[in-house]
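Chemist: In the working numbering, the protein residues as written are 34 to 375.
Glycine included, C-beta positions come from ideal geometry on N, C-alpha and C.
1. Assign residue 114 to buried or exposed, taking buried as 16 or more other Cβ atoms, counted over all protein chains shown, within 10 Å of its Cβ.
2. Tell me the residue span of the beta strand (DSSP E) that contains residue 115.
3. Mapping the DSSP letters down to three states, classify residue 200 as helix, strand or coil.
4. Measuring alpha carbon to alpha carbon, tell me which residue in 65, 74, 68, 84 is nearest residue 50.
5. With a threshold of 16 other CB atoms inside 10 Å of the CB of residue 270, please say whether the residue is buried or exposed.
6. Do you know how far the Cα of residue 328 is from the Cα of residue 319?
7. Relative to the alpha-carbon of residue 174, which residue among 132, 207, 98, 77 has its alpha-carbon at the smallest distance?
8. Expressed to the nearest angstrom, what Euclidean distance is found between the alpha-carbon atoms of residue 54 and residue 76?
9. May I ask you to check if the CB of residue 191 is nearer than 6 Å to at least one heavy atom of the ligand NAD?
10. Give the range of the beta strand (DSSP E) segment to which residue 240 is assigned.
11. In terms of DSSP beta bridges, what is residue 317 paired with?
12. Rounded to whole angstroms, what's the CA-CA distance from residue 212 to residue 194? Just pull it up for me.
13. With 16 as the cutoff for other CB atoms within 10 Å, does residue 57 come out buried or exposed?
14. On the DSSP bridge assignment, give the partners of residue 222 in chain order.
15. Is it the case that the Cβ atoms of residue 299 and residue 266 are separated by a distance below 7 Å?
16. Can you grab the Cα-Cα spacing for the pair residue 46 / residue 151, in whole Å?
17. In the DSSP assignment, the beta strand (DSSP E) including residue 295 goes from what residue to what residue?
18. Within the continuous alpha helix (DSSP H) that includes residue 145, where are the two ends?
19. Could you give the residue range of the beta strand (DSSP E) that holds residue 75?
20. Output needed for residue 191: all residues of its chain with C-beta closer than 8 Å, excluding positions within five of it in sequence on either side, in chain order.
21. Do residue 226 and residue 164 come within 7 Å of each other at the CB atom, strictly closer than that value?
22. Compute the Euclidean distance between the alpha carbons of residue 73 and residue 80, then round it to the nearest angstrom.
23. If you count every other CB in all the chains shown that lies within 10 Å of the CB of residue 308, and 16 or more means buried, which is it?
24. Should residue 91 and residue 121 be called a contact, given that it needs their Cβ atoms to be closer than 7 Å?
25. In the structure shown, what three-state DSSP assignment does residue 60 receive?
26. Which word fits residue 312, buried or exposed, when buried means at least 16 other C-beta atoms lie within 10 angstroms of its C-beta?
27. How about residue 216 and residue 169: are their beta carbons less than 7 Å apart?
28. Sorted by chain position, which residues of the same chain lie with C-beta nearer than 6 Å to residue 59's C-beta, five sequence neighbours on each side aside?
29. Name the DSSP bridge partner or partners of residue 229?
30. Contact check, residue 129 vs residue 43 under 8 Å by CB: the rounded distance?
31. Using a Cβ-Cβ cutoff of less than 6 Å, which residues in the same chain neighbour residue 261 once the five nearest sequence positions on both sides are dropped?
Here you go:
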């Protein structure tokens with residue numbers, strides 16, 4: 034049935050349906066409705082086609098309310114369609130007599146009224162929930178009690194804030210509706226918990242994640258202790274990914290020398306065994322970094338001195354051997370000459 038509101042209150046509109054098949058009546062006279070054919074997109078309509086959407090909207094609100102209540106409290110407060118229908122039929126605060134029959138007037142506020150605090154909601158800037166170790170910043174949290182009403186500020190004084198230390202250990206950090214927290218320089222998850230202590234204890238939480246830096250092809254850099262005077266056989270050259278603390282222990286880092294696999298891990302110690310040119314490259318989580326090093330390995334200076342020394346000794350030894358050989362040959366010839374004289 035559809036109603037109009039006259040001087041004496043609600044009245045059944047003349048074109049309304051009536052009878053024992055109807056349980057409730059709702060406003061349906063000159064209801065503002067959407068209309069794409071008008072300049073402003075609206076017009077007023079009258080009839081049961083206007084009253085029924087109002088009741089349907091009430092049913093939708095009731096479904097959402099009890100579904101949210103069930104989700105917030107973990108209890109079985111959700112309603113079946115039959116239960117929602119019964120709630121709508123009983124959602125009235127007054128009735129009127131029409132053709133010898135009492136008709137209940139639908140009143141959405143009957144089921145929409147507050148039922149005490151049944152949930153706590155924590156809000157903050159979602160962008161602050163993911164941070165980098167090099168850019169830690171304060172996160173401002175706000176606790177809202179549901180259903181929200183004018184008593185929220187007073188009730189929020191019963192909210193306490195904690196940091197989750199372990200599965201069963203909470204460290205109390207503050208009290209009140211608002212709370213600010215800056216995460217420690219520890220890579221991983223920082224869980225902040227808000228508890229409301231009233232007729233019942235309600236809990237909610239959010240996690241601030243201090244992330245490992247994802248490798249960037251162009252921005253992730255390689256550090257090295259390479260100096261020109263160290264690029265010699267036998268000296269160890271160290272290569273490492275910058276700011277290792279920013280990365281996860283599970284990140285895969287592979288090192289290559291002249292395009293061939295050489296080592297895996299955040300640090301690569303390269304000890305050349307031969308002279309020549311070597312190009313050091315790195316692949317991190319499958320990404321080949323733009324940063325690379327090319328070194329030319331030479332002999333040490335003392336190696337060159339040693340070689341010159343060995344060459345001098347060798348040359349001297351050869352001369353000595355030649356001299357000894359000449360003496361031996363001369364001696365034999367002298368002996369042979371003495372024998373011939375005899």
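Modeler: Reading it off the structure:
1. exposed
2. Looking at the DSSP string, residue 115 is not in any beta strand (DSSP E); the run it does join, the alpha helix (DSSP H), is 114 to 122.
3. Note: residue 200 maps to coil in three-state DSSP.
4. 84
5. buried
6. 24 Å
7. 207
8. 30 Å
9. Judged by which ligands are present, the structure shown has none, so any question about the ligand NAD falls away.
10. 234 to 243
11. 286, 320
12. 7 Å
13. buried
14. 242
15. No, Cβ-Cβ distance for residue 299 and residue 266 is not below 7 Å.
16. 40 Å
17. 293 to 297
18. 142 to 145
19. Segment 75 to 78, the beta strand (DSSP E) holding residue 75.
20. 229, 230, 231
21. no
22. 22 Å
23. exposed
24. yes
25. When DSSP states are grouped into helix, strand and coil, residue 60 belongs to the strand group.
26. exposed
27. yes
28. 84, 87, 88, 139
29. 192, 235
30. 6 Å
31. Unreliable positioning characterises residue 261 in this predicted model, as indicated by a pLDDT of 49, which lies under 50. The coordinate reading is nonetheless provided below. Excluding residues within five positions, none has a Cβ falling inside 6 Å.
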